[in-house]
Each structure stands twice: as C-alpha cells, then as structure tokens.
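Asks: To start, I am sharing the structure in question, which I have written as structure tokens.
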Amino acid sequence: MAVSPCLSANDQKKHWWVSNRKLVEKYVKDARCLMATQEQSEMASALNLLDAALALSPRFEIALELKARCLLYLRRFKDVADMLQDYIPSIKISSDDSASLSSDNSSQPLSRERVNLRPPNSQDPSFKCFSVSDLKKKVMAGMSKNCDKEGQWRYLVLGQACCQLGLMEDAMVLLQTGKRLASAAFRRESICRSDDSFSLPTTITTSDISSAATTPPSTPPRNPTSLSEFQIISHLLSHIKFLLRRRTAAIAALDAGLYSEAIRHFSKIVDGRRLAPQGFLAECYMHRASAYKASGRIAESISDCNKTLALDPTCIQALDTRASLLETIRCLPDCLHDLEHLKLLFNSILRDRKLPGPVWKRHNVRYREIPGKLCALTTKIQQLKQRVASGETANVDYYALIGLRRGCSRSELERAHLLLCLRHKPDKATNFIDSCEFADERDVDSVKDRAKMSALLLYRLLQKGYSSVMSTIMDEEAAEKRRKKATVQVPQTQNSSSNLDPESTLAYSVNSSNASDCDGRVNPSENETTTSSTNAFQGVFCRDLAAVGNLLSQVGFNHPLPMKYEALSC
Numbered sequence: 001m002a003v004s005p006c007l008s009a010n011d012q013k014k015h016w017w018v019s020n021r022k023l024v025e026k027y028v029k030d031a032r033c034l035m036a037t038q039e040q041s042e043m044a045s046a047l048n049l050l051d052a053a054l055a056l057s058p059r060f061e062i063a064l065e066l067k068a069r070c071l072l073y074l075r076r077f078k079d080v081a082d083m084l085q086d087y088i089p090s091i092k093i094s095s096d097d098s099a100s101l102s103s104d105n106s107s108q109p110l111s112r113e114r115v116n117l118r119p120p121n122s123q124d125p126s127f128k129c130f131s132v133s134d135l136k137k138k139v140m141a142g143m144s145k146n147c148d149k150e151g152q153w154r155y156l157v158l159g160q161a162c163c164q165l166g167l168m169e170d171a172m173v174l175l176q177t178g179k180r181l182a183s184a185a186f187r188r189e190s191i192c193r194s195d196d197s198f199s200l201p202t203t204i205t206t207s208d209i210s211s212a213a214t215t216p217p218s219t220p221p222r223n224p225t226s227l228s229e230f231q232i233i234s235h236l237l238s239h240i241k242f243l244l245r246r247r248t249a250a251i252a253a254l255d256a257g258l259y260s261e262a263i264r265h266f267s268k269i270v271d272g273r274r275l276a277p278q279g280f281l282a283e284c285y286m287h288r289a290s291a292y293k294a295s296g297r298i299a300e301s302i303s304d305c306n307k308t309l310a311l312d313p314t315c316i317q318a319l320d321t322r323a324s325l326l327e328t329i330r331c332l333p334d335c336l337h338d339l340e341h342l343k344l345l346f347n348s349i350l351r352d353r354k355l356p357g358p359v360w361k362r363h364n365v366r367y368r369e370i371p372g373k374l375c376a377l378t379t380k381i382q383q384l385k386q387r388v389a390s391g392e393t394a395n396v397d398y399y400a401l402i403g404l405r406r407g408c409s410r411s412e413l414e415r416a417h418l419l420l421c422l423r424h425k426p427d428k429a430t431n432f433i434d435s436c437e438f439a440d441e442r443d444v445d446s447v448k449d450r451a452k453m454s455a456l457l458l459y460r461l462l463q464k465g466y467s468s469v470m471s472t473i474m475d476e477e478a479a480e481k482r483r484k485k486a487t488v489q490v491p492q493t494q495n496s497s498s499n500l501d502p503e504s505t506l507a508y509s510v511n512s513s514n515a516s517d518c519d520g521r522v523n524p525s526e527n528e529t530t531t532s533s534t535n536a537f538q539g540v541f542c543r544d545l546a547a548v549g550n551l552l553s554q555v556g557f558n559h560p561l562p563m564k565y566e567a568l569s570c
C-alpha cells in the first residue's frame with residue numbers, strides 16, 4: 001500500500017526532532033560526567049560538548065546552566081558576563097534610560113499605556129513620560145518568569161562573575177536576588193510537604209545524599225546548587241559588602257574635603273590581605289589618585305594613575321588626571337604624550353561608535369560627551385605644542401613634584417627623596433599585583449610590563465628632580481659661605497690696622513707737632529681756637545701700649561692723634 005507524502009514528511013520531522021533531542025541529552029550527560037572530575041582539561045572538553053548541544057538546542061536550560069558553571073570554573077568571567085549580560089542590573093538601567101531618552105526625542109505618538117503627567121505647554125525636562133508595563137518589568141526584574149528553580153542559577157553564577165569583574169553593586173544585587181529566590185522556592189516546597197517527608201534544608205535532599213553515596217565519583221550530584229556553594233556565596237556577599245562600605249566611606253571623606261581620611265580608607269582597600277578584583281582595585285586607585293592630587297602630593301598621585309592604567313589601559317579619567325598633573329609641574333613633553341594617547345582613544349571610540357571594552361564595563365564618561373571633549377583636547381594639544389616650541393620644557397617645577405618648599409635645606413631634600421625612592425622604586429612597582437585578583441590570568445604579564453615601564457619613568461623624573469634641587473641648594477650654600485667669608489674679613493682688616501706699631505705712630509705725631517711749632521708762629525688766639533675745635537688729649541708720655549691703642553681706637557685709623565706731651569723724668 002502506498003504511503004502518502006504528508007505522512008512520510010511528518011514521520012521524518014518527528015524522527016529528526018527525536019534524534020536531536022537524544023543527541024543533546026547525550027552531550028549533556030557526558031558533560032556532567034566530565035565536570036564531576038573537577039579537572040581543567042576535562043572541563044574544557046565538557047565545554048565543547050555543551051557548545052555542541054546548544055548548537056542543536058539553543059534554549060536548552062540545563063545546557064545553558066552547565067555551560068555557565070563550566071565557564072565560571074575555568075575563570076572565564078568575561079564570557080559568563082557576555083552570555084548573561086541581559087540580567088546585569090546596571091545594563092538594564094542604562095538601556096532603560098537610553099530607551100526613555102530616545103522615545104522622548106522621537107516623534108512617534110505615545111502608546112496607550114504611556115501617561116503624560118505634565119501639561120501640554122510645559123518644557124521642563126525633569127518630568128518624563130513613563131509606561132506602567134515598563135515600570136512593572138523594571139520592578140519585577142525577571143522574578144515573575146524565573147521564580148522557579150530553573151532561574152536561580154543565573155543570578156548566582158552571574159553574581160560571582162560580576163564580583164570577579166569588579167561590578168560589586170551588580171554582584172551584590174544578583175547574589176541577594178538569587179538567595180531570595182532560593183529561600184522562596186524552599187518555602188513553597190516546605191509548605192507542600194508533609195511532616196514525615198520534610199528533610200534537609202535548602203537544596204540538598206535525601207535523594208542527593210543517597211545518589212552521592214551510591215553513584216561513582218564520575219557522576220555529579222543531581223542538584224548542581226549544593227550547600228557549599230551557598231556558603232561560598234554567603235562569604236562572598238559579606239566580603240562585597242565590606243569592600244563597598246569602605247569605598248563608600250572613602251568617597252564620602254573625599255567629597256567632604258578630608259583627603260587624608262580618604263587616602264587612609266582607600267589604602268586599606270588596596271593593601272588588604274584578601275584579594276580584590278582587578279576592576280574594583282583600578283577604581284580605588286583612581287579615587288586615591290584624586291585624593292593625593294587634592295592634597296598636593298603629586299608624585300603619589302602620578303604613581304596611582306600609573307597603577308590604574310596598568311590595570312585598565314583604557315581608563316579615560318586616569319589619562320586625563322596624569323596629563324593635568326604633568327602640566328602642573330610643567331613637564332610638557334610627557335603631558336603631550338598622555339594627551340595624544342587620549343586623543344587616539346577618543347578617535348577610536350568615535351570610529352567604533354561605542355565606549356572601549358564590553359557592554360557591561362563601566363566608564364566615567366558617556367558616548368555623547370566624546371565629541372566635545374575631543375574638540376577641547378585638540379585645542380589644548382595645540383597650545384601645549386606652542387609652549388614647547390617657545391622653550392618651556394626646561395622649566396620643570398621639581399619642588400612641587402617632590403613636595404618641598406623653595407629654599408628648603410639639604411636634610412629636608414634628602415629625607416623627602418629617600419621616602420619617595422622607597423615608595424616608587426621600580427623593583428617594587430609590581431608589588432600591588434599580589435593583592436589583585438585578575439579576571440583573566442593571561443593579563444598578568446602585560447599588567448606587569450606596563451607597571452614597570454611607568455614606574456621607571458616616574459623614578460627617572462624623581463632622580464632628575466633630586467639632582468636639580470640639590471644643585472640649587474649647593475649653589476645657595478656656596479653663596480652663603482661667600483657672604484659669611486666677606487663679613488668675617490672686614491673685622492680681620494680692622495684688627496690688623498689696629499695692631500700697628502705704636503712707637504712709629506707716636507714718633508710721627510711728635511715730628512708733626514714739632515714741625516708745626518717751628519715753622520708756624522701762630523697767634524695765641526688762633527691757637528686757642530684750634531685747641532678748642534679739635535679734641536686734644538693732654539697726658540704724659542709713657543710706654544703703656546694699651547693706653548696708646550685705646551687712644552688710637554677712639555680717633556680712628558690712619559689719622560694723626562693731636563696730643564700735648566709733658567716731658568717727665570722716669
């Protein structure tokens with residue numbers, strides 16, 4: 001009997017669907033067995049099997065969960081975030097805001113649910129139209145669709161990945177949401193159970209224990225969410241909250257102008273015993289650089305900018321801050337280098353029409369601000385090039401770089417230079433990497449290279465500043481010695497002239513007086529007038545040198561002393 005073509009087609013379609021389903025289940029089963037070994041190579045093989053299963057069935061929930069957990073075990077946190085980026089709260093908020101802005105700017109008519117709360121003639125941009133359905137979606141945040149067990153793993157796995165990527169607020173929200181969903185599911189299950197069937201808490205059941213006792217080690221437990229995972233999540237949540245509290249306190253102190261307090265809080269974060277994520281540390285270093293800059297510690301601020309750029313080479317704020325610091329101390333060539341780098345970064349952003357990095361990465365600027373910043377940056381680069389052409393490159397303010405006042409002493413310079421060398425020595429430039437937890441271990445070598453290069457440039461600048469300031473201090477000390485020597489030579493000259501031979505002086509004075517008596521027959525009235533006008537000393541001739549020196553010092557040097565002598569027999 002002949003078979004109709006439609007029946008044969010349905011049978012073939014059914015057979016194709018059943019075969020694919022069996023193949024997907026086989027891939028998932030083999031992947032479970034490989035993941036149970038907890039070995040790196042086996043995990044990579046399991047990931048390949050799960051990719052093959054998802055190629056046949058892209059929406060298969062178990063395969064998605066196993067793939068996310070496998071990526072998390074392999075520390076491929078960026079892949080986890082890219083896979084589940086629709087569940088990251090910050091991306092949801094930014095997309096909702098951009099959608100609202102685009103809807104406000106568009107000329108399409110409002111939907112039936114969109115309500116306008118402002119009068120027709122109002123132009124205040126602070127009031128916006130909103131949709132009741134959008135508000136409901138934003139509040140529920142996927143809980144209405146994923147309130148069962150199958151949706152819990154998204155929040156837990158993505159929360160751990162976000163923590164490793166430095167998205168601490170998103171990680172806290174996701175982990176708390178996952179725990180809340182897990183506890184709600186457990187309450188629903190406990191209500192449905194009877195007293196005799198009620199057993200262990202949370203996600204571990206007696207079937208899991210029995211299966212774990214009877215099955216070989218190659219077979220994983222039925223429920224992937226174990227008690228140990230919830231313990232890990234609880235510890236991770238406490239650590240996230242601790243870091244966020246410290247960062248909040250540091251930013252509050254920075255905003256209040258308490259720069260030393262802000263530096264202390266940020267130093268506790270970056271120098272802590274427990275490792276912190278790479279992105280979070282880069283953000284803390286950038287904030288501490290701002291605190292150092294506000295407190296006038298330029299070398300420390302440049303060092304923190306170097307660390308930020310070593311961890312995140314596309315940090316726009318770090319490049320801008322370091323360029324402004326170098327311009328402050330009039331180190332114009334290095335400042336121009338940073339501004340040119342920033343200009344290339346802006347041009348690449350405009351070319352790609354997006355900010356650098358993945359979608360979930362945070363930036364301190366928005367895309368629509370880039371064209372205006374690029375125009376201002378181009379003008380500033382031209383001005384700095386004119387200043388360099390006019391010869392301002394040799395006028396570097398090394399006093400501000402080292403943190404000293406002009407006219408400081410040699411001891412102050414040596415103390416400040418010693419402290420800066422101990423802090424910014426190139427051999428210690430990579431010590432901060434020990435307290436950093438990298439999202440990708442392949443980035444460690446590149447981060448070390450960037451940190452060493454920038455630290456070497458800063459160290460050379462400090463050495464050049466030390467030699468320049470030291471030469472200035474030595475010149476000032478030499479000038480001071482010359483002044484002291486000149487002031488000492490004047491009394492020595494006076495003393496040498498006062499130590500002349502008194503007998504020769506007296507003989508000269510006697511001869512001059514005799515010559516005046518013999519040659520000039522002076523009138524007695526004129527003699528009296530002359531005697532009264534001059535300070536003549538009457539005394540006796542003696543050989544007392546001290547008395548003669550006293551008389552000479554009263555009149556002055558190199559002047560004859562008018563005296564009257566009376567010869568007496570000794």
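Quick note: the sequence shown uses UniProt numbering, first residue 1, plus one each step.
Using N, Cα and C, we set each Cβ at its ideal position, and we do this for glycine too.
In this text, all values refer to a predicted model and were calculated from it rather than measured experimentally.
Label isoleucine 232 either buried or exposed according to how many other C-beta atoms from any shown protein chain fall within 10 Å of its C-beta, with 16 as the threshold for buried.
Replies: So isoleucine 232 ends up on the exposed side.
Asks: Count the CB pairs spanning the region 315 to 326 and the region 362 to 378 that are closer than 8 angstroms, and state whether there are at least three.
Replies: Result yes; three or more Cβ-Cβ pairs closer than 8 angstroms.
Asks: Name the DSSP bridge partner or partners of proline 277?
Replies: Glu437
Asks: Tell me whether alanine 445 sits in a helix, a strand or coil according to DSSP, three-state version.
Replies: Alanine is not the amino acid found at residue 445; the sequence shown has aspartate there. Of the three classes helix, strand and coil, the one that applies to aspartate 445 here is helix, per DSSP.
Asks: Return the first residue and the last residue of the alpha helix (DSSP H) that aspartate 51 is part of.
Replies: 40 to 56
Asks: Suppose you measure from the CA of lysine 428 to the CA of alanine 486; what does that come to, to the nearest Å?
Replies: 49 angstroms
Asks: If distances are taken between C-alpha atoms only, which option among Ser303, Pro356, Ala276 comes closest to lysine 425?
Replies: Ser303
Asks: Using the three-state DSSP reduction, which class does proline 313 fall into: helix, strand or coil?
Replies: coil
Asks: Contact between the region 166 to 176 and the region 236 to 243 is defined here as three or more beta-carbon pairs at a separation below 8 angstroms; is this criterion met?
Replies: Note that the region 166 to 176 touches the region 236 to 243; at least 3 beta-carbon pairs, one per stretch, sit closer than 8 angstroms.
Asks: Threshold first: 4 residues or longer. Then list the alpha helix (DSSP H) segments lying entirely within the region 353 to 409, N to C.
Replies: 370 to 389, 398 to 402
Asks: Straight-line CA distance for cysteine 414 to leucine 336?
Replies: Residue identity check: residue 414 is glutamate in the sequence provided, not cysteine. Approximately 30 angstroms, taken between the alpha carbons.
Asks: Any chance the region 446 to 456 sits against the region 391 to 398, with 3 or more Cβ pairs inside 8 angstroms?
Replies: no
Asks: Within a Cβ cutoff of 6 angstroms, which residues of the same chain sit near proline 277, ignoring the five residues on either side of it in sequence?
Replies: Gln164, Gly166, Glu437
Asks: Contact check, leucine 254 vs alanine 291 under 8 angstroms by CB: the rounded distance?
Replies: 5 angstroms
Asks: When the distance is taken between beta carbons, is leucine 237 closer than 7 angstroms to leucine 175?
Replies: yes
Asks: If valine 24 and leucine 72 are in contact, beta carbons under 8 angstroms, what's the gap, nearest whole angstrom?
Replies: Not really, about 22 angstroms apart at Cβ, beyond 8 angstroms.
Asks: For arginine 297, which option in Tyr398, Ile370, Gln40, Arg247 has the closest C-alpha, if you only look at C-alpha atoms?
Replies: Tyr398
Asks: Methionine 286: buried (16+ other C-beta within 10 angstroms of its C-beta) or exposed?
Replies: buried
Asks: Take every Cβ of the region 438 to 452, pair it with every Cβ of the region 263 to 279, and state whether three or more of those distances are shorter than 8 angstroms.
Replies: The region 438 to 452, when compared against the region 263 to 279, does touch it at the 8 angstroms Cβ threshold.
Asks: In chain order, what residues of the same chain lie with their CB nearer than 7 angstroms to the CB of lysine 22, ignoring the 5 residues before and after it?
Replies: none
Asks: With DSSP run on the structure shown, which of helix, strand or coil describes cysteine 331?
Replies: coil
Asks: In whole angstroms, what is the alpha-carbon distance linking leucine 342 and lysine 78?
Replies: CA-to-CA, the gap between leucine 342 and lysine 78 works out to about 25 angstroms.
Asks: Following the continuous alpha helix (DSSP H) through glutamate 159, name the residue where it begins and the one where it ends.
Replies: According to the sequence provided, residue 159 is glycine. The question's glutamate does not apply to it. For glycine 159, the uninterrupted alpha helix (DSSP H) segment begins and ends at 152 to 164.
Asks: My output table needs one value for serine 295: the three-state DSSP class, helix, strand or coil.
Replies: coil
Asks: Which residue from Lys448, Ile251, Leu339 puts its Cα closest to that of threonine 321?
Replies: Here the closest residue by C-alpha is Leu339.
Asks: May I ask you to report which of helix, strand or coil DSSP gives arginine 76?
Replies: coil
Asks: Look at the alpha carbon of asparagine 431 and the alpha carbon of leucine 419, and state the distance between them as a whole number of angstroms.
Replies: Rounded to the nearest angstrom, the two C-alpha atoms are 17 angstroms apart.
Asks: Quick check: the Cα distance between glutamate 480 and isoleucine 473, rounded to an integer number of angstroms?
Replies: 10 angstroms
Asks: Can you tell me where the alpha helix (DSSP H) holding phenylalanine 266 begins and where it ends?
Replies: 259 to 270
Asks: Of all the options Gln85, Ser228, Leu422, which has the alpha carbon lying nearest to the alpha carbon of glutamate 300?
Replies: Checking every option, the nearest Cα to that of glutamate 300 belongs to Leu422.
Asks: Could you check the C-alpha separation between leucine 350 and arginine 187 for me, to the nearest Å?
Replies: 51 angstroms
Asks: How about leucine 158 and leucine 66: are their beta carbons less than 7 angstroms apart?
Replies: For leucine 158 and leucine 66, no; Cβs fall outside 7 angstroms.
Asks: From the DSSP output, in three-state form, read off phenylalanine 60 for me.
Replies: The DSSP-derived three-state label of phenylalanine 60 is coil.
Asks: For leucine 345, which residues of its own chain have a beta-carbon under 8 angstroms away from its beta-carbon, when the five flanking residues on both sides are left out?
Replies: Thr314, Ile316, Leu319, Pro356
Asks: Nearest to glycine 257 by alpha carbon, out of Gln382, Gly272, Phe266, Ala294?
Replies: Ala294
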